[in-house]
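Novice: Could you have a look at this structure, given as structure tokens, before my questions?
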Amino acid sequence: MGQGRGNGRRLGLRLAALTTAAALACAGGSGAPQGDDPGTASGASAAAPGDRAASKTPVPEGPFPTPQQLEDLSDAPTPDLSDARAVDVASWTLEGPFPELVGEVPIGDPDPYESVLLEASRARAGLLVASESMRCAARELGRFFVSQGGLPGEALQRYVLGRCGASGASLNVSFFHQATPPDASPERVFEVWGNDVRRLVNEQLGPGPRAAGIWYGRRGVESLVLLISAARRSRLVPVSAVPEKDGRLRLRGETLSPVESVNGLVNRGRLGWEECTAAEGVPLPRFELVCPTLASDETAWVSIAGREPGRLLGQSLHRVLARPSGANAKTWQRASYGPAAPVVGPEDFRTRLRDRVNLLRAELEMEPLVLEDRESAVAGRLAPFYFASGLGMVTPAYGDLVALGLMAGWQVQGTIRDANLGAALSLSSDDLDRWLAEALALPGMRAVLFDAEHTRVAVGPVVGADPAAPYLGAIVASYALFGEENPSELRQDFYIVLDRAYDARGLSFPRRQRALEVAAQREMTRIQKGAVTPEEALEIVGHEASARLQVPVGAWLMEGTDLDTLTPPDALFDENTAFIAAAVGHYQPEGWPWGRTLVILLSAPESALRTAQRDVPAKLH
0 MGQGRGNGRR LGLRLAALTT AAALACAGGS GAPQGDDPGT ASGASAAAPG
50 DRAASKTPVP EGPFPTPQQL EDLSDAPTPD LSDARAVDVA SWTLEGPFPE
100 LVGEVPIGDP DPYESVLLEA SRARAGLLVA SESMRCAARE LGRFFVSQGG
150 LPGEALQRYV LGRCGASGAS LNVSFFHQAT PPDASPERVF EVWGNDVRRL
200 VNEQLGPGPR AAGIWYGRRG VESLVLLISA ARRSRLVPVS AVPEKDGRLR
250 LRGETLSPVE SVNGLVNRGR LGWEECTAAE GVPLPRFELV CPTLASDETA
300 WVSIAGREPG RLLGQSLHRV LARPSGANAK TWQRASYGPA APVVGPEDFR
350 TRLRDRVNLL RAELEMEPLV LEDRESAVAG RLAPFYFASG LGMVTPAYGD
400 LVALGLMAGW QVQGTIRDAN LGAALSLSSD DLDRWLAEAL ALPGMRAVLF
450 DAEHTRVAVG PVVGADPAAP YLGAIVASYA LFGEENPSEL RQDFYIVLDR
500 AYDARGLSFP RRQRALEVAA QREMTRIQKG AVTPEEALEI VGHEASARLQ
550 VPVGAWLMEG TDLDTLTPPD ALFDENTAFI AAAVGHYQPE GWPWGRTLVI
600 LLSAPESALR TAQRDVPAKL H
């Protein structure tokens with residue numbers, strides 16, 4: 000499917016979560032960012048020809064780091080990611096049993112090890128829950144560890160969590176193992192290890208609200224205790240992973256901290272993704288999302304993200320493994336998107352990824368992605384810090400700085416309208432196809448690579464140099480640019496938005512003044528060429544309109560991230576307003592990395608147009 004989105008609905012963000020084999024550490028989630036501003040309008044009514052005033056259009060404020068800040072970070076010592084290891088398998092069958100519902104339901108009938116976890120949960124009442132889903136996940140990961148001698152790669156870790164119905168984020172895994180007599184029972188081992196188990200639980204669970212599970216098992220002459228916990232950033236109402244008959248999966252919950260928005264994405268088919276729909280009338284921090292799945296899919300990941308007040312980047316709230324076909328889905332199988340392709344360095348990765356993704360985009364009848372070489376060079380210098388941040392090797396602030404810096408796209412050739420960003424890290428492999436399998440498992444990265452409106456891409460790879468400890472990662476940003484829109488279509492889209500505002504006030508939409516539309520569009524073109532500022536253009540067209548009509552004319556600049564964020568001035572809805580003219584385009588404020596949607600808007604009253612050349616009324620629809 001791989002459907003594109005509407006024209007620049009947001010100051011771009013759909014940030015695919017970074018996950019690794021060592022920890023499911025989310026560096027950000029898909030969500031509407033801070034740039035969903037209400038827009039700005041400036042201007043004044045012209046009392047007579049030549050009497051014209053305009054206030055300066057403000058430069059938007061935002062959290063994007065400057066190019067110098069990014070340069071300063073890239074000069075810091077590069078983190079070494081070679082210590083991150085995982086046991087690589089192509090497929091794995093889980094044993095079960097599995098909880099019937101997704102969500103954190105408290106456990107019953109604890110064994111001695113789980114009793115320690117319950118003691119900790121009582122001491123942290125309201126924060127820590129020992130849940131059935133995390134009990135299942137600890138058991139399945141423990142069985143893998145006993146069988147394979149280590150933890151699985153991130154994709155299988157995530158699958159275990161999802162199939163067990165766990166919904167937390169940022170998985171922590173801790174364990175200890177030691178030789179024990181082969182005939183020692185779990186209870187006997189606990190008698191000896193009890194204090195060690197308590198120390199493990201008390202020291203390794205992590206702060207804040209969490210869901211946890213613990214498991215005891217044996218591997219040869221050794222006994223193993225494995226503890227897992229995950230951050231609980233919201234409460235999900237327990238729900239079946241099998242969608243309703245119409246294919247919709249309805250997810251309800253409540254965030255545990257204030258948010259400005261909650262949204263979701265869901266996988267559909269081999270490459271497709273779709274946005275979940277937020278139910279109306281559900282006030283934050285509660286949320287209700289309806290996610291459309293494909294009945295033919297055995298499994299489909301749903302990613303839910305929330306954005307805290309004052310932040311551009313969202314964070315992962317939940318990942319839910321839906322089972323649209325109703326299949327038992329016990330076996331995980333690594334996906335493949337083409338032949339194996341060992342990567343020999345960053346440049347090799349960039350070109351191979353571009354070519355492979357463009358073959359997949361061709362299947363979806365999308366335009367190919369163009370690689371932004373200069374922005375990719377920046378991404379390559381910053382990528383190690385992003386992944387090290389996700390792995391807990393450096394401060395999390397580095398991850399935010401890198402993500403925001405690449406979304407800014409200071410070196411992208413063109414005026415940016417929207418950006419998506421995601422990252423994936425494949426441990427124990429240097430194969431591009433394995434990286435793609437990891438990256439495209441979740442809908443966030445599909446949105447980065449398969450948004451039809453995004454035609455430019457920057458790629459920052461990290462490639463392990465030691466053949467004995469290979470790894471392959473990349474942070475990827477894709478961009479939609481201004482400049483390909485039809486001005487007449489943009490104007491019509493604006494009039495439709497404006498017509499809704501008139502309808503809401505019980506007013507009829509004014510007639511269009513064609514000659515002034517031409518003049519406004521001429522000045523909009525000059526703005527985009529850098530010949531005049533928006534304020535200068537408004538001054539020029541305001542004088543021209545007043546001189547042409549010999550009447551007072553209202554003239555305004557409206558600016559925002561897109562048409563839906565623009566707030567028309569109240570004076571526009573004066574009952575005497577009978578004629579209107581607009582031009583819609585974009586410009587890039589000095590010192591700001593993205594373009595802004597800009598409208599030049601003119602209005603005039605009926606009574607003052609007796610001697611003016613009239614236009615034939617134009618219907619909107």
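The numbers in numbering that gives the first Met the number 0 rise by one with no breaks, and the one at position 557 of the sequence shown is 556.
Glycine residues also receive a C-beta, built at the ideal position from the N, C-alpha and C atoms.
It should be emphasised that the depicted structure is a prediction, and the values quoted were computed from it without experimental measurement.
1. Distance check for E589 and P57, CA to CA, integer angstroms please.
2. Could you please give the first and the last residue of the uninterrupted beta strand (DSSP E) stretch that includes Q314?
3. Hey, L293 and A277: beta-carbon distance below 7 Å or not?
4. If we require 4 or more residues per run, which alpha helix (DSSP H) segments fall completely within the stretch 357 to 398?
5. Measuring only the C-alpha atoms, how far is P257 from P284?
6. Measuring straight from C-alpha to C-alpha, what distance separates D563 and G280?
7. Excluding five sequence neighbours on each side, which residues of the same chain lie with their C-beta closer than 7 Å to the C-beta of P345?
8. Are the stretch 173 to 193 and the stretch 67 to 82 in contact at 8 Å, needing three or more beta carbon pairs?
9. Give every residue of the same chain whose Cβ lies closer than 7 Å to the Cβ of P242, excluding the five residues on either side of it in the sequence, and list them in chain order.
10. Counting beta carbon pairs with one atom in the stretch 195 to 211 and one in the stretch 114 to 130, are three or more of them shorter than 8 Å?
11. Rounding to the nearest angstrom, what Cα-Cα distance links V540 and Y501 in this structure?
12. Run through DSSP, which three-state label would A603 get?
13. Go through its chain and collect everything with a Cβ distance to L204's Cβ below 8 Å, but skip five positions before and after it.
14. Can you give me the C-alpha to C-alpha distance between V393 and L80, rounded to a whole angstrom?
15. Roughly how many whole angstroms lie between the Cα atoms of E221 and T179?
16. Quick check: F650 and P111, are their CB atoms within less than 7 Å of each other?
17. Leaving out five residues before and five after Q587 in sequence, what residues of the same chain have Cβ atoms less than 8 Å from its Cβ?
18. So, at 6 Å on beta carbons, what are the nonlocal neighbours of R504 in its own chain, with the 5 sequence-adjacent residues on each side left out?
19. Counting C-beta neighbours from all protein chains within 10 Å, is the total for A21 16 or more, i.e. buried, or is it exposed?
20. Given this structure, state the Cα-to-Cα distance separating G141 from G216, to the nearest angstrom.
21. How many angstroms separate the CA atom of L150 from the CA atom of E103?
22. Would you mind giving the Cβ-Cβ distance between L489 and V583, rounded to the nearest angstrom? I have them listed as a contact below 8 Å.
23. Taking just the CA atoms, how far does G193 sit from G167?
24. Going by beta-carbon coordinates alone, are A570 and G559 separated by less than 7 Å?
25. Which whole-angstrom value describes the C-beta separation of P78 and P567, a residue pair presumed to lie in contact below a C-beta threshold of 8 Å?
26. Measuring only the C-alpha atoms, how far is A387 from V145?
27. Answer with buried or exposed for Q68, where buried requires no fewer than 16 other C-beta atoms within 10 angstroms of its C-beta.
28. Leaving aside the five residues before and after L439 along the sequence, list all residues of the same chain whose C-beta is less than 8 Å from its C-beta, in chain order.
29. Name the two residues that bound the continuous alpha helix (DSSP H) containing G161.
30. Among A457, R306, S239, S114, which has the Cα closest to the Cα of E186?
31. Counting Cβ pairs closer than 8 Å, one from the stretch 533 to 552 and one from the stretch 474 to 487, do we hit at least three?
32. Could you name each continuous beta strand (DSSP E) segment of 3 residues or more that falls completely within the stretch 452 to 497, going from the start of the chain to the end?
33. In the structure shown, what three-state DSSP assignment does P551 receive?
34. The alpha helix (DSSP H) spanning R445 covers which residue range?
35. Pull up the DSSP beta-bridge partners for C290, would you.
36. Which one or two residues does DSSP pair with D430 in a beta bridge?
Specialist: Answer, in terms of the structure:
1. Because the pLDDT at P57 is just 42, under 50, the model does not fix this residue reliably, and the value given afterwards should be weighed accordingly. Straight-line Cα distance between these residues: approximately 11 Å.
2. 314 to 321
3. no
4. 372 to 389
5. 6 Å
6. 20 Å
7. G379, P460, V462
8. no
9. L248, T292, A321, P323
10. yes
11. 24 Å
12. strand
13. A119, L127, N171, A211, L226, S228
14. 11 Å
15. 6 Å
16. Since the first residue of the chain shown is 0 and the last is 620, residue 650 is not available in this structure.
17. T414, W593, G594, R595
18. F572
19. A caution first: A21 carries a pLDDT of 24, below 50, which makes its placement in the model too unreliable to give a value.
20. 7 Å
21. 23 Å
22. 4 Å
23. 27 Å
24. no
25. P78 to P567, Cβ: 49 Å. No contact.
26. 28 Å
27. exposed
28. L270, A334, Y336, R445, L448
29. 153 to 162
30. S114
31. no
32. 455 to 462, 470 to 480
33. coil
34. 442 to 448
35. L248
36. P341
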